[in-house]
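Note sheet for the following structure.
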Amino acid sequence: DTAVSQTPKYLVTQMGNDKSIKCEQNLGHDTMYWYKQDSKKFLKIMFSYNNKELIINETVPNRFSPKSPDKAHLNLHINSLELGDSAVYFCASSQETGITIYFGEGSWLTVV
Amino acid sequence: GDSVTQMEGPVTLSEEAFLTINCTYTATGYPSLFWYVQYPGEGLQLLLKATKADDKGCNKGFEATFRKETTSFHLEKGSVQVSDSAVYFCALTPNQAGTALIFGKGTTLSVSS
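From first to last, the protein sequence lines are chains A and B.
Residue numbers for the first sequence follow my numbering, beginning at 4 and rising by one.
Residue numbers for the second sequence follow my numbering, beginning at -15 and rising by one.
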């Protein structure tokens, strides 16, 4: 059973499109995250939700909007995609802030 | 703010060689420290962790000790295998509300037979 699952794994889309990446965790965790990994492999936090409440919102363009319908799901919607949005997006979860974080397998987004 | 610094890669070793990847950190409170591994084309896997000073994390032959006096968490393995080729990330969590994992820039390890 996959603990943190995200879909799609690969996504190729054109500039200007709107796309979503979905994430679900079956670990019963209270906190979920979105991280972005750039072409140099650098990982940076984008958002974090605790019990459906936004608790971390780093400097991310407004085109990125997370949505948490319940504490097991945290989706990432991206409007008006740009070439620079090409990256790997990782969803993650933890029981509490600061405790061990478990990652999904990543979603490889390519904007052409 | 809190930060993590890892040695620059890539690190290239022959099979059965000894591995050290250096990691140092800056933290204002009481962090927990982690090593994550990313195999080619795959996601991030937790390799080992240490939650307080002098703790040693161990897994799959890898180990790292949380050393507060030198603010370090170096990753070591006595004998690497080709299958260990991956990117290794040192990370810390400040253990404070409203914070998340802070990663180093990653070190690519390439092991040849």
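Note that beta-carbon positions come from the ideal geometry of N, C-alpha and C, so glycine has one too.
### Query
What is the DSSP secondary structure of A/Asp73, reduced to helix, strand or coil?
strand
Practice task
Give the straight-line distance between the Cα atoms of A/Leu30 and B/Thr35, rounded to the nearest whole angstrom.
Solution key: 21 Å
> Given B/Val(-12), which residues of its chain have a CB within under 7 Å of its CB, disregarding the five upstream and five downstream residues?
Replying inline: Cβ neighbours of B/Val(-12) beyond the five flanking positions: Cys7, Tyr9, Cys74, Ala75, Leu76, Ile86, Phe87 and Gly88.
Review point. For B/Leu30, which option in B/Phe18, B/Lys40, B/Pro24 and B/His58 has the closest C-alpha, if you only look at C-alpha atoms?
Key: Looking only at B/Phe18, B/Lys40, B/Pro24 and B/His58, the smallest Cα-Cα distance to B/Leu30 is reached by B/Phe18.
Checklist entry - Interface residues of chain B around A/Gly107 at Cβ under 9 Å? => result Gly27 and Leu28
- Message: If we require 3 or more residues per run, which beta strand (DSSP E) segments fall completely within the stretch -9 to 15 of chain B?
- Response: Entirely contained in the stretch -9 to 15 of chain B, the beta strand (DSSP E) runs reaching 3 residues are, in chain order, -5 to -2, 3 to 5 and 7 to 10.
Residues near A/Gln40 by beta carbon distance below 7 Å, same chain, minus five either side = Leu46, Ala90, Val91 and Phe93
Within the 8 Å Cβ cut-off, does A/Ser51 reach chain B? yes
Item to check | Where the beta strand (DSSP E) containing B/Thr83 begins and where it ends | outcome: That residue, B/Thr83, is in no beta strand (DSSP E); it is neither H nor E in DSSP.
Discussion item. Would you say B/Ala84 lies against chain A (beta-carbon separation less than 8 Å)?
Written reply: Interface residue, yes.
Practice item. Excluding the 5 residues preceding and the 5 following B/Lys33 in the sequence, name in chain order all residues of the same chain whose CB lies nearer than 6 Å to its CB. Key: Phe18 and Gly41
- Less than 8 Å separating the beta-carbons of A/Ser23 and A/Gly107? No; because the gap between Cβ atoms is not below 8 Å, this pair is not in contact.
Can you find the residues in the same chain that come closer than 6 Å, C-beta to C-beta, to B/Val21, ignoring five residues on each side of it along the sequence?
Gln29, Leu31, Ala70 and Tyr72
Requested in this report: Entirely within the stretch 24 to 84 of chain A and at least 4 residues each: give me those alpha helix (DSSP H) ranges in chain order.
Outcome: none
Can you find at least 3 beta carbon pairs, one from the stretch 62 to 73 of chain A and one from the stretch -6 to 4 of chain B, that sit closer than 8 Å?
-> no
- Reducing DSSP to helix, strand and coil, say where B/Val66 ends up. helix
Practice problem: Indicate whether B/Thr91 and B/Gly(-7) have their beta-carbon atoms separated by less than 8 Å. | Solution: yes
To be precise: take each residue of the stretch 65 to 83 of chain B, compare its Cβ to all Cβ atoms of chain A, and keep it if any distance is under 9 Å. Which residues remain? Only Val71, Phe73, Ala75, Thr77, Pro78, Asn79, Gln80, Ala81, Gly82 and Thr83 from the stretch 65 to 83 of chain B bring a Cβ to less than 9 Å from some Cβ of chain A.
Report task. Can you grab the Cα-Cα spacing for the pair A/Ser97 / B/Val95, in whole Å? Result -> Rounded to whole angstroms, A/Ser97 and B/Val95 show a C-alpha spacing of 32 Å.
According to DSSP, which residues form a beta bridge with B/Glu60? B/Thr4 and B/Glu47
Legend entry - Option in B/Asp38, B/Val64 and B/Gln80 with minimal Cα separation from B/Phe46: Here the closest residue by C-alpha is B/Val64.
Strictly below 9 Å CB to CB, what residues from chain B border A/Phe93? Gly27 and Leu28
Practice prompt. Under 7 Å between beta-carbons, which chain B residues line up against A/Ile104? List them in chain order, please.
Written response: Leu85
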